[in-house]
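Engineer: In our numbering, the protein residues as written are 72 to 271. Yeah, the Cβ is synthetic: ideal placement off N, Cα and C, and Gly gets one too. If you scroll down you'll find the structure; I have some questions about it.
Encoded structure:
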């Protein structure tokens, strides 16, 4: 089996978020036809793994088997050193059913205050998996390290971006120009590895 993403290939993005399509297209290049699991009405699997790579592989394999097409999935989140890596794979769940990340960021701040932590080290992880129907799965991971700041700053980006300052920077991801964030983000780093493995 040729483990390459061939130009013109149809790829199913294992997401029900249509907003992910332009992001994936921008990172992969415009050479692929990208559909989402939502567009194909595929069910969402339970994320039962304990790591980002495990959940990305689970979602990619599920979408590949359900659709019969090559599938791409990502699993990402923020980890805080003194919280033993939390929220980690539960990053979205900390935002509650309404996906309110103001709630999630407050929860992080409250946890740090509860334990009297002064260490603000944190990192974002993005795991990307590509699965072939009935075949192999390739997974890569990108990480960006930084520190937390409170209160949240900036209204760009999404999720925990307003409290995260990348290493060597002064602005939060929420304050940075999108192009500046994309140049160093965990997802960009993961896609660079994916391109090297399966495209270039």
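In its own chain, which residues sit with a C-beta less than 8 Å from the C-beta of residue 246, not counting the 5 before and 5 after it?
Structural biologist: Here residue 246 corresponds to residue number 175 of the chain shown, with the count starting at 1. 224, 225, 227 and 233, listed in sequence order.
Engineer: Starting from residue 93 and walking both ways along the alpha helix (DSSP H), at which residues does that stretch end?
Structural biologist: Within the chain shown, residue 93 is the residue found at index 22, counting from 1. From DSSP, the alpha helix (DSSP H) with residue 93 extends over 91-99.
Engineer: Three-state secondary structure (DSSP) at residue 160?
Structural biologist: The residue given as residue 160 occupies position 89 in the chain shown. The answer is helix: DSSP assigns residue 160 an H, G or I state.
Engineer: Using a threshold of 8 Å, state whether the C-beta atoms of residue 269 and residue 209 are closer than that.
Structural biologist: Indexing the chain shown from 1 puts residue 269 at position 198. Indexing the chain shown from 1 puts residue 209 at position 138. Contact flag set, yes.
Engineer: Using the C-alpha atoms, what's the distance from residue 187 back to residue 45?
Structural biologist: The shown model of the chain, from 72 to 271, leaves out residue 45, and the question about it has no answer.
Engineer: For residue 125, name the three-state secondary structure that DSSP assigns.
Structural biologist: If you number the chain shown from 1, residue 125 lands on position 54. Three-state result, residue 125: helix.
Engineer: If we call anything under 8 Å between Cβ atoms a contact, is residue 195 one with residue 214?
Structural biologist: Locating residue 195 in the chain shown gives position 124, where the first residue counts as 1. Locating residue 214 in the chain shown gives position 143, where the first residue counts as 1. Result yes, Cβ atoms of residue 195 and residue 214 sit closer than 8 Å.
Engineer: What alpha helix (DSSP H) runs, 4 residues minimum, are completely inside the segment 207-258?
Structural biologist: Listed in chain order, the complete alpha helix (DSSP H) runs (minimum 4 residues) inside the segment 207-258 are 249-255.
Engineer: Looking only at its own chain, which residues have a Cβ that is under 6 Å from the Cβ of residue 118, when we skip the five neighbours before and after it?
Structural biologist: On the chain shown, position 47 is the one that residue 118 refers to. Contacts found: 126.
Engineer: Could you please give me the residues that DSSP links to residue 186 through a beta bridge?
Structural biologist: Along the chain shown, one-based indexing puts residue 186 at 115. DSSP lists no partner for residue 186.
Engineer: Short of 7 Å in beta carbon distance, which residues of its chain neighbour residue 132, apart from the five on each side in sequence? Order them along the chain.
Structural biologist: Mapped onto the chain shown, residue 132 falls at position 61. Once the five neighbours on either side are set aside, the close Cβ partners of residue 132 are 202 and 208.
Engineer: Between which two residues does the beta strand (DSSP E) holding residue 193 run?
Structural biologist: Stepping through the chain shown from its first residue, residue 193 is reached at position 122. Unbroken beta strand (DSSP E) run through residue 193: 192-202.
Engineer: With H, G and I counted as helix, E and B as strand and the rest as coil, what does DSSP make of residue 115?
Structural biologist: Taking the chain shown and counting its residues from 1, one reaches residue 115 at position 44. Note: residue 115 maps to coil in three-state DSSP.
Engineer: I think residue 91 touches residue 84, with their Cβ atoms under 8 Å apart; what is that distance to the nearest whole Å?
Structural biologist: On the chain shown, residue 91 is found 20 positions in, with the first residue counted as 1. On the chain shown, residue 84 is found 13 positions in, with the first residue counted as 1. Right, the Cβ-Cβ distance comes to about 6 Å (below 8 Å), so this counts as a contact.
Engineer: Count the other C-beta atoms from every protein chain shown that fall within 10 angstroms of the C-beta of residue 258, then say buried if there are 16 or more, exposed otherwise.
Structural biologist: For the purposes of this step, residue 258 is taken as the residue at position 187 of the chain shown. Buried, by the Cβ-count rule.
Engineer: CB-CB under 8 Å to residue 212, same chain, minus the five flanking residues each way: which ones, in chain order?
Structural biologist: Walking along the chain shown from the start, residue 212 turns up at place 141. For residue 212, where only same-chain residues beyond five positions count, the Cβ hits under 8 Å are 123, 124, 196, 197, 198, 199, 261 and 264.
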